[in-house]
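So the protein lines, in turn, are chains A and B. Position 37 of the first sequence, counting from 1, maps to 37 under this note's numbering, and the rest follow consecutively. Just remember that this note's numbering sits 132 ahead of the position in the second sequence, which is counted from 1.
Number of protein chains: 2
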Amino acid sequence: MNNIDEIVAQLKFDDKGLLTAVAQDHKTGEILMLAHMNEESFRKTIESGEAVYWSRSRKKIWHKGEESGNVQKIKELLVDCDGDAVVMKIEQVGDAACHTGNRSCFFRRLENGTLVDVGVKIFDPDKVYKKS
Amino acid sequence: MNNIDEIVAQLKFDDKGLLTAVAQDHKTGEILMLAHMNEESFRKTIESGEAVYWSRSRKKIWHKGEESGNVQKIKELLVDCDGDAVVMKIEQVGDAACHTGNRSCFFRRLENGTLVDVGVKIFDPDKVYKKS
Numbered sequence: 001m002n003n004i005d006e007i008v009a010q011l012k013f014d015d016k017g018l019l020t021a022v023a024q025d026h027k028t029g030e031i032l033m034l035a036h037m038n039e040e041s042f043r044k045t046i047e048s049g050e051a052v053y054w055s056r057s058r059k060k061i062w063h064k065g066e067e068s069g070n071v072q073k074i075k076e077l078l079v080d081c082d083g084d085a086v087v088m089k090i091e092q093v094g095d096a097a098c099h100t101g102n103r104s105c106f107f108r109r110l111e112n113g114t115l116v117d118v119g120v121k122i123f124d125p126d127k128v129y130k131k132s
Numbered sequence: 133m134n135n136i137d138e139i140v141a142q143l144k145f146d147d148k149g150l151l152t153a154v155a156q157d158h159k160t161g162e163i164l165m166l167a168h169m170n171e172e173s174f175r176k177t178i179e180s181g182e183a184v185y186w187s188r189s190r191k192k193i194w195h196k197g198e199e200s201g202n203v204q205k206i207k208e209l210l211v212d213c214d215g216d217a218v219v220m221k222i223e224q225v226g227d228a229a230c231h232t233g234n235r236s237c238f239f240r241r242l243e244n245g246t247l248v249d250v251g252v253k254i255f256d257p258d259k260v261y262k263k264s
C-alpha cells in the first residue's frame with residue numbers, strides 16, 4: 001500500500017481530480033478507448049489489475065466490463081512525463097472496448113474531409129446492455 | 133472548408149473548449165504523447181497535416197515542433213465514439229515526441245510498485261530548447 005501512495009504522489013490530477021487514461025491492446029498496439037480516472041479508480045486499477053475508471057457522465061467509479069463482462073486486464077501501465085496521463089496495455093476480454101459494440105472507440109477515420117466508419121463490430125449493444 | 137465545419141460539428145469539446153488528442157507512431161503503434169486541442173488547433177491540424185495542439189500551460193496554440201523541429205506529420209486521424217478524443221497516427225520527425233528528450237512521454241513503467249524509467253532518450257533538452 002505504501003508503494004501505491006508513492007506512485008499516487010507522482011501523479012498530477014487535474015482541477016476535477018482526474019487523470020486521462022488510454023487503453024491500448026497489449027498485442028496489436030491498437031488504441032481501444034480513452035477515459036478518466038480519479039485517485040480512487042487509479043488505486044482500484046492497481047489493486048485489481050483491471051481497468052477501473054471514473055465515469056464523468058454517471059459520476060461514479062466504473063469498473064470497465066462490470067455490466068458487459070468485457071473487463072480490461074492490465075499487462076503494463078505507463079505514466080507520462082507530467083504525471084497527468086497513463087497508458088494501459090491491456091487484454092480486452094470479449095474483444096470489444098466500446099459501448100457501441102465496436103472493438104475500439106476510435107472507429108471513425110478522417111478520409112477526404114469526412115468521417116468514415118471503419119469500426120470492427122464485435123457485439124450488438126442492444127443485446128449486451130439491459131435496457132432500463 | 134465546408135468539410136472541416138462538418139467534422140467540427142461532430143466533435144464534442146469539453147467545458148474548456150478542448151478535445152484530448154493522442155499521438156501514436158504510425159508504424160510501431162507506440163503512444164508518443166497525449167495533449168489537447170481547441171477548435172482552432174484542430175482546424176490547423178487538418179489544414180496543415182501536422183499536429184497542432186492547445187498548450188494548457190502556455191495558453192496558446194502550439195504547433196508541435198515549432199521550436200525543436202520535431203513536427204508530427206499526420207498519417208491517419210481517428211475520432212472516438214463520443215467525439216471528445218482523437219487519435220493521430222503520425223510520423224514523428226526527429227524521433228522524439230517528449231520535451232524531456234525521450235521518444236515517448238510515457239517513459240515511466242509501473243514495475244513492482246514503483247515507477248521505473250524505461251525511456252529511450254533521443255536528445256538532450258538543454259541543447260534543443262533555448263534557455264531564456
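The beta carbon of each residue, even a glycine, is placed where N, CA and C say it ideally should be. The structure presented is a predicted model; accordingly, all values stated were derived computationally and were not measured.
- Per DSSP, the unbroken alpha helix (DSSP H) holding D258(B) starts and ends at 257 to 260.
- Chain-ordered, the chain A residues with CB closer than 9 angstroms to the CB of R241(B) read E76, L77, L78, V79.
- The beta-carbon separation of I139(B) and T177(B), rounded to 11 angstroms, does not stay under the 8 angstroms limit for a contact.
- Residues are counted here when their Cβ sits less than 8 angstroms from a Cβ of chain B; for the stretch 16 to 49 of chain A these are T20, V22, Q24, T28, G29, E30, I31, M33, L34, I46, given in chain order.
- Between S180(B) and I193(B), the C-beta gap is not smaller than 7 angstroms, which leaves the two residues out of contact.
- Within the same chain, Cβ atoms closer than 8 angstroms to the Cβ of D216(B) are found at L143, K144, F145, D146, L151, T152, the five residues on either side in sequence being excluded.
- Within a 10 Å sphere around the beta-carbon of S104(A) sit 16 or more other beta-carbons, which makes this residue buried.
- Below the 7 angstroms Cβ cutoff, chain B contributes L166 as neighbours of A85(A), in chain order.
- For K44(A), the enclosing alpha helix (DSSP H) covers residues 39 to 48.
- Going by DSSP, L77(A) is part of the beta strand (DSSP E) stretching over 72 to 79.
- In this structure, the straight-line span from the alpha carbon of H168(B) to that of Y185(B) is close to 6 angstroms.
- By the C-beta density criterion, R190(B) is exposed, having fewer than 16 other C-beta atoms within 10 angstroms.
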